[in-house]
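Residue numbers (our numbering): 15 to 214.
All C-beta atoms in this analysis are idealised placements derived from N, C-alpha and C, irrespective of residue type, glycine included.
Worksheet for the structure shown next.
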């Protein structure tokens, strides 16, 4: 039981901690202190649900419908490219400040929808949570403990990311800092979009 849990924690953590559009978005929202608890919660919930579904056979259904993964891939490419362009525009134009009171906050609905898009329109999420993780989990003595371990990795990672970003908000409250952050985020999302387009 413990061994299966630790294996799930290691496998899930190794996948989730990898830098990607989702992590960049969670961090940017945490730095802005803009509904970052909701953002982290949505990411955690999505991972736990997908890990669980993957272990119950959804991965087999997706593998039987490769056209679904192709569609998800190109939707992800388009959305990531859109986010990259907007981040670069903000990097060039600059922002008033990072502090929540110095910029018009976005609605909770808008943040939630963007978080869902960043999370669910990335085919790598499905490949990792519905294919890779279940393929390892199926070899464990205690599948339930493995899934709990993988879910725990997501909760620990996104919780830490949201907390750290919020704690750094006073330090990164200058407009110049946001130019750098937006530039890095835009570049990161563009690279991921290119990788998805290339089928990597």
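Per DSSP, reduced to three states, the secondary structure at residue 18 is helical. Of all C-beta pairs linking the segment 155-167 to the segment 53-68, three or more are shorter than 8 Å, placing the two stretches in contact. Beyond the five residues adjoining it in sequence on each side, residue 120 comes within less than 7 Å, by CB distance, of 48 in the same chain, given in chain order. Counting along the chain, residue 37 sits inside the alpha helix (DSSP H) bounded by residues 35-46.
Linking residue 211 to residue 68 through their CA atoms gives a straight-line distance of about 24 Å.
Where residue 210 is concerned, the enclosing alpha helix (DSSP H) starts and stops at 189-212. For residue 131, the CB contacts under 7 Å within the same chain, skipping 5 residues up- and downstream, are 93 in chain order. Residue burial annotation: residue 70 is exposed, with fewer than 16 other C-beta atoms found within 10 angstroms of its C-beta.
The beta carbons of residue 137 and residue 87 sit closer together than 8 Å. With fewer than 16 other Cβ atoms from the protein chains shown falling within 10 Å of its own Cβ, residue 96 counts as exposed.
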